[in-house]
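Here's the structure we're looking at; comments come further down.
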Amino acid sequence: MTKRTSPVADQFRALAREKILVLDGAMGTMIQGLQFDEAAFRGERFKDFHRDVKGNNDLLILTQPQAIEDIHFAYLDAGADIVATNTFSSTSIAQADYDMVDLAYELNRDGARLARNAANRATAKDGKPRFVAGALGPTNRTASISPDVANPGYRAVTFDDLRVAYSEQINGLLDGGADILLVETIFDTLNAKAALYAIAEITEARGIHVPVMVSGTITDKSGRLLSGQLPEAFWYSVQHANPITIGFNCALGAEDLRAHIADIGRVADTLVCAYPNAGLPNEFGQYDESPDYMARLVGEFAQAGLVNVVGGCCGTTPAHIKA
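Going by full-length UniProt numbering, the letters in the sequence shown line up with residues 1 to 323, in that order.
If you want it as structure tokens, here you go:
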């Protein structure tokens, strides 16, 4: 299959031939550490908003922009080559939970700008190239699975709903300066297909090629996505999009993720990316794997030739990325 290319894609692949590229770690873990209260989440702009917004981490792009940019920079300063925007839940579908549907485009545009600012700061400091990956999360609805066990034919969202929401997100990310798009934490492949369809539509309309990273989530030790696919089937279902990387993130720690990364690497004809959690959450919801322990496990991935890009998901910090 012919791979479309661009200067960013060429540079990305060239660097991946020289070394293992490093993706950043968890944004949510770092935000949690700041212990922002409701007033901090609201900021001046939303001080009179009609409902609570604490927990809407993406809103901090607008209300605490320096804090978000500084988190991005901390990861880059720790050695990350790729920084993902704080836009995991910045679709109109996900923001509906907070009655903030109208903010979707602005969140993505400004989120990409903050990551780009941090990347430019890091490159100015050490001269190394950095990439900004516009993060597209899975939304909080599934296109192929019913949320109602009593009505298995029901769907809370349609493919076209997702396509429209992702289109708004993608336009914002590209306008803000993202040079890669990261479709991540995929638990329902049909949702991801909607995102990939929207990317194809928008990049064709703009006359550009944007590299796409695709990352699924193995939900448990069955080795399957929530929508039922094993790694090989997952690859074949997104292969048409010619992603620059394919892999897995979240849900599992590095030790449990290894076999699934190996499985997808055996069939994929592109770079492989893994960014596991820092283990599994304990009874307090904390992640216990230390930077050194996780670095050893991920290092074994690299030594075995399983990965081209590594990073961290839930529970990871700049210390994990530096290790």
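Virtual Cβ for every residue (Gly too), placed ideally from N, Cα, C.
Go ahead and label residue i buried or exposed: buried means 16 or more other beta carbons lie within 10 angstroms of its beta carbon, across all protein chains shown.
i, result
"H320", "buried"
"E18", "exposed"
"Y75", "buried"
"Q64", "buried"
"L23", "buried"
"H260", "buried"
"D110", "buried"
"V149", "exposed"
"P129", "exposed"
"E289", "buried"
"M1", "Caution is warranted here: a pLDDT of 44 is assigned to M1, below 50, making its placement in the model unreliable, and the coordinate value is therefore given only provisionally. It counts as exposed."
"Q303", "exposed"
"E38", "exposed"
"T123", "exposed"
"R45", "exposed"
In whole angstroms, give me the CA-to-CA distance for residue i and residue j.
i, j, result
"P211", "F131", "11 Å"
"T317", "R155", "36 Å"
"I20", "S92", "35 Å"
"I208", "A94", "27 Å"
"L271", "V307", "7 Å"
"R206", "V101", "25 Å"
"L34", "G43", "15 Å"
"I31", "L114", "15 Å"
"N242", "N108", "24 Å"
"A118", "N151", "47 Å"
"A112", "R163", "20 Å"
"D292", "A323", "6 Å"
"Q229", "G25", "26 Å"
"G265", "Y197", "24 Å"
"M294", "H50", "42 Å"
With DSSP collapsed to three states, give me the class of residue i.
i, result
"A16", "helix"
"G134", "strand"
"S237", "helix"
"V310", "strand"
"Y154", "coil"
"F248", "strand"
"L182", "strand"
"A277", "According to the sequence provided, residue 277 is Asn. The question's Ala does not apply to it. If DSSP states are grouped into helix, strand and coil, N277 belongs with the strands."
"R84", "Inspection of the sequence shows that residue 84 is occupied by Ala rather than by Arg. A84: strand per DSSP, three-state reduction."
"S167", "helix"
"V298", "helix"
"V53", "coil"
"M213", "strand"
"V101", "helix"
"L225", "coil"
"G253", "strand"
"V8", "helix"
"V267", "helix"
"L190", "helix"
"L230", "coil"
Am I right that residue i and residue j are in contact with their C-beta atoms under 8 Å? What's the rounded C-beta distance?
i, j, result
"residue 410", "S237", "The requested residue 410 does not occur in the structure, where the chain is confined to residues 1 to 323."
"I61", "A133", "Not a contact, Cβ separation roughly 15 Å."
"F159", "L190", "7 Å"
"E300", "V267", "Going by Cβ atoms, the distance from E300 to V267 rounds to 21 Å, so no, they are not a contact pair."
**Request:** Would you be able to state if there are at least three C-beta pairs under 8 Å between the segment 249 to 261 and the segment 299 to 316?
**Result:** yes
**Request:** Decide if the segment 4 to 24 is in contact with the segment 62 to 70; the criterion is three or more beta carbon pairs, one per stretch, under 8 Å apart.
**Result:** no
**Message:** Count Cβ pairs between the segment 78 to 88 and the segment 46 to 62 that sit closer than 8 Å; are there 3 or more?
**Reply:** yes
**Prompt:** Does the count of Cβ pairs from the segment 197 to 216 and the segment 176 to 184 closer than 8 Å reach three?
**Reply:** yes
**Message:** Closer than 8 Å is the cut-off here; do at least three beta carbon pairs connect the segment 103 to 122 with the segment 186 to 204?
**Reply:** no
**Prompt:** Taking one C-beta from the segment 155 to 166 and one from the segment 130 to 144 each time, how about it: are there three or more such pairs within less than 8 Å?
**Reply:** yes
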